[in-house]
Amino acid sequence: LSPHRLIKVLELFNASQSKALPFAEHSKYIYVMHKNQRKYLSIFEGDKTLPVVDYMVVLNHGTTVDGEEKNIISAVFLSNMDGNVQNVPVRLKLKSQLRTGYAERYQAIASQYSSRIGVDYVSMMLP
Numbered sequence: 005l006s007p008h009r010l011i012k013v014l015e016l017f018n019a020s021q022s023k024a025l026p027f028a029e030h031s032k033y034i035y036v037m038h039k040n041q042r043k044y045l046s047i048f049e050g051d052k053t054l055p056v057v058d059y060m061v062v063l064n065h066g067t068t069v070d071g072e073e074k075n076i077i078s079a080v081f082l083s084n085m086d087g088n089v090q091n092v093p094v095r096l097k098l099k100s101q102l103r104t105g106y107a108e109r110y111q112a113i114a115s116q117y118s119s120r121i122g123v124d125y126v127s128m129m130l131p
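131 is the number that the numbering used here gives the last residue of the sequence shown; the numbers go up by one with no jumps.
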């Protein structure tokens with residue numbers, strides 16, 4: 005895939021302060037400041053116990069997008085549409101990087117969710 009990079013991502017969901025703060029030590033919430041407002045994000049949707057794991061291909065990893073501001077990347081999400089994998093192009097702005105401890109915990113949660121015997125092969129054409 006070089007210079008592209010396949011990565012696993014977790015979808016984040018808005019959470020309330022009253023739900024997120026008492027469970028800060030559970031590593032299920034991310035606390036961020038955005039436009040001088042506190043935001044609480046969860047890796048789980050509502051009361052579900054499984055994360056939403058998706059895959060995307062970062063196009064031309066390590067290079068900047070011409071004509072765009074700093075930290076903008078081009079990517080392609082691999083989405084399941086009625087049993088067929090579709091390429092959904094997106095532009096993303098990188099906001100910040102998780103601390104190592106959080107990243108490791110979230111990777112472990114995602115790995116437990118998606119671990120299984122076998123390999124999935126996806127045939128795709130990148131733009």
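From the three backbone atoms N, C-alpha and C, an ideal C-beta is built for every residue, glycine too.
Considering only residues of the same chain and omitting the five flanking positions on each side of V94, which have a CB-CB separation below 8 Å? Here the set comprises M60, S78, A79, V80 and F81.
Contact set for I121: own chain, Cβ-Cβ below 6 Å, skip 5 residues either direction: Confidence at I121 is low in this model, with a pLDDT of 47, below 50, so the placement of that residue is unreliable and no value is reported for it.
Exposure label - K22; buried when at least 16 CB within 10 Å: As written in the sequence, residue 22 is Ser, which differs from the Lys given in the question. With fewer than 16 other Cβ atoms within 10 Å, it is exposed.
Short check: CB of D51 to CB of E15, under 8 Å? no
Taking the continuous alpha helix (DSSP H) assigned at K39, which residues delimit it? Going by DSSP, K39 is part of no alpha helix (DSSP H) at all; its letter is neither H nor E.
Taking three-plus beta-carbon pairs below 8 Å as touching, is the segment 60 to 75 in contact with the segment 23 to 36? no
Where do the N-terminal and C-terminal ends of the beta strand (DSSP E) with Q101 fall, by residue? That residue, Q101, is in no beta strand (DSSP E); it is neither H nor E in DSSP.
I76: buried (16+ other C-beta within 10 angstroms of its C-beta) or exposed? With fewer than 16 Cβ atoms within 10 Å of its Cβ, I76 is classed as exposed.
Put K23 into one of helix, strand or coil per three-state DSSP. Helix at K23.
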